[in-house]
Amino acid sequence: MYNVKSKIAEEFISDSEIRSTIEYAAEHRNDRELVKKILEKARACKGLTHREAAVLLECTDTELVEEMYALAREIKHRFYGNRIVMFAPLYLSNYCINGCVYCPYHAKNKSIRRKKLTQDEIRNEVMALQDMGHKRLALEAGEHPLHNPIEYILESIKTIYSIKHKNGAIRRVNVNIAATTVENYRRLHDAGIGTYILFQETYNKENYQMLHPTGPKSDYAYHTEAMDRAMQGGIDDVGIGVLFGLETYRYDFTGLLMHAEHLEATYGVGPHTISVPRLCMADDIDTADFKNAVPDDVFYRIVAIIRIAVPYTGMIISTRESQKSRAKLLELGVSQMSGGSRTSVGGYMHDEAPEENSAQFDVADHRTLDEIVEWLLDLDHIPSFCTACYREGRTGDRFMTLLKNGQIANCCLPNALLTLKEYMRDYASPEVKRKGEAMIEKLLTDIPNEKARSTARKYLAAINEGKSDFRF
Ligand code: SAM
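Set out below in structure tokens:
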């Protein structure tokens, strides 16, 4: 029985509700009137139900799809402007006791080199990331109670926040580790994490069990209810996602939106971010063995419709996607992007020789962070290294309320420009610096509030003089 507010996985992600949604959407795929009505509702930025979104996903009428794209762009601009928040993943350890059949960290893989960073190695990795200009990390680790217990993760977070190297600082550490207990979520919260990220992989229970045959992750309910426990542990910024390619996209798209609806209905705050990874080639993983690969055109529609359906949620694209695909997705509602990423353990300090492969998957975008910053500037997007909301306590419903009221626009633009200025001062190559300074000068005049504009000018001058870390 479907119950959006239930705390039981199979009730808030109801298989029969997903199946009947897919049927309903297929029946109405050519109903132009209905599609138009749904788009009209979406224009008010109040979001869509999973049923409405599923109808949009079925519609392939070129004109209506273009309308969806235009609306996604409009909504993105209304809430996020043309800012793109930059981050990088940091792989701590690839020891894992799970049996996920799509992930090369699975316990039976003997060809992958197992590695776990010591605190000294973490320091070196973080300094390398700081030297690139990163301020925001996503910690990644396999699940292993002996190698990667929660104490190791907590110690690593403490180490990362403590490193002050030149002008560098990691100001927000997001964490992507296996589902855990309320108590452990509380400890992560107390350690000052930003977002807790956990991908559902697939919402289809039967398929989930086949894809996760062994290890703690094989417990579908425990995994699916993880965000409820995270909320109970005090973490109010949670990031959800599915690994597209494991299950039919229709099923997981619907499940993903039902999960977002569940969090909003139950805790008054939806997911802080939604990630949309697609399955990649990896050490002993061949994507050809998975029959649900999502073609580019469908993937673009998925991203645009998520933007329309959950307008206040950040959307993340990793370097799993190529430059070409990232360029398209930028226009359809993505608000965060990784850059210069390494998916190997210790990969920022040392390039790995092919035989010591410890990477989780093959990235498709190999550009440096500076190249990505330049590319974004050329495309008229603002690369932002902002971490202000979380550090000012604007998390969970406080963040969402500000965003919904459009208030966030008064601080986001100046914050983006201030952090971009720091990047230009400390890390940019001369040509990027020229383009970045021009962008800052041009956009300063767009800060709506006069007082904020003059304060931003004052802060920018102070950054020029060597000071750092100003925020609104
Ligand atoms: N071990 C934790 C867990 O089980 O959730 C941490 C997550 S893992 C380091 C990060 C994510 O990478 C996984 O949740 C999965 O969606 C994704 N992933 C695994 N194998 C992948 C592959 N072959 N291609 C793309 N993404 C992959």
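Counting from -11, one number per residue, gives the positions in the sequence shown under my numbering. The beta carbon of each residue, even a glycine, is placed where N, CA and C say it ideally should be.
Proximity winner among the options, relative to residue i (alpha-carbon distances)
i, options, result
"residue 171", "125, 185, 222", "222"
"residue 120", "10, 328, 332, 449", "328"
"residue 39", "421, 370, 151, 240", "240"
"residue 198", "88, 33, 71", "88"
"residue 431", "398, 162, 167, 2", "398"
"residue 173", "156, 139, 192", "139"
"residue 100", "-6, 91, 442, 108", "91"
"residue 191", "210, 235, 155", "235"
"residue 217", "184, 245, 205, 194", "184"
"residue 102", "78, 226, 130", "130"
"residue 278", "267, 133, 212", "267"
"residue 285", "49, 350, 143", "49"
"residue 410", "444, 203, 205, 58", "444"
"residue 298", "325, 260, 363", "260"
"residue 379", "407, 180, 210", "180"
"residue 251", "23, 212, 362, 168", "212"
"residue 143", "153, 169, 109", "109"
"residue 186", "194, 214, 146", "214"
Residue i and residue j closer than 8 Å at C-beta
i, j, result
"residue 257", "residue 188", "no"
"residue 86", "residue 95", "yes"
"residue 208", "residue 290", "no"
"residue 274", "residue 345", "no"
"residue 307", "residue 253", "no"
"residue 265", "residue 232", "yes"
"residue 321", "residue 355", "no"
"residue 36", "residue 75", "no"
"residue 9", "residue 30", "no"
"residue 440", "residue 460", "yes"
"residue 80", "residue 105", "yes"
"residue 388", "residue 300", "yes"
"residue 148", "residue 161", "yes"
"residue 370", "residue 404", "yes"
"residue 425", "residue 412", "yes"
"residue 113", "residue 337", "yes"
"residue 158", "residue 123", "yes"
"residue 331", "residue 311", "no"
"residue 358", "residue 155", "no"
"residue 314", "residue 304", "no"
"residue 434", "residue 390", "no"
"residue 224", "residue 182", "no"
"residue 127", "residue 164", "yes"
"residue 1", "residue 227", "no"
"residue 72", "residue 364", "yes"
"residue 45", "residue 293", "yes"
Terminal residues of the alpha helix (DSSP H) in which residue i lies
i, result
"residue 287", "284 to 297"
"residue 150", "138 to 150"
"residue 388", "384 to 392"
"residue 67", "50 to 68"
"residue 424", "418 to 432"
"residue 0", "-3 to 0"
"residue 348", "No alpha helix (DSSP H) contains residue 348, which DSSP labels as neither H nor E."
"residue 37", "From DSSP, residue 37 is part of no alpha helix (DSSP H); its letter is neither H nor E."
"residue 101", "Looking at the DSSP string, residue 101 is not in any alpha helix (DSSP H), and its letter there is neither H nor E."
"residue 301", "Element bounds for residue 301: n/a, residue is neither H nor E."
"residue 195", "193 to 199"
"residue 170", "170 to 178"
Where residue i falls, given that 16 or more other Cβ within 10 Å makes a residue buried
i, result
"residue 98", "exposed"
"residue 366", "exposed"
"residue 107", "exposed"
"residue 323", "buried"
"residue 137", "exposed"
"residue -11", "exposed"
"residue 5", "buried"
"residue 65", "exposed"
"residue 419", "exposed"
"residue 77", "buried"
"residue 28", "exposed"
"residue 394", "exposed"
Ligand 2 heavy atom lying under 7 Å from the CB of residue i
i, result
"residue 213", "As for ligand 2, it is missing from this structure, which binds only ligand 1."
Residue i - containing beta strand (DSSP E), residue span
i, result
"residue 246", "Looking at the DSSP string, residue 246 is not in any beta strand (DSSP E); the run it does join, the alpha helix (DSSP H), is 237 to 255."
"residue 380", "Taken as a continuous stretch (DSSP letters only), residue 380 belongs to no beta strand (DSSP E), as it is neither H nor E."
"residue 325", "324 to 326"
"residue 128", "124 to 129"
"residue 71", "71 to 81"
"residue 261", "261 to 263"
"residue 164", "160 to 164"
"residue 273", "Unbroken run through residue 273: none, as it is neither H nor E."
Those residues, in chain order, that have a beta-carbon closer than 6 Å to some heavy atom of ligand 1 = For ligand 1, the selected residues are 90, 91, 128, 130, 131, 164, 165, 166, 186, 187, 189, 205, 231, 265, 267, 268, 270, 273, 308, 348, 349.
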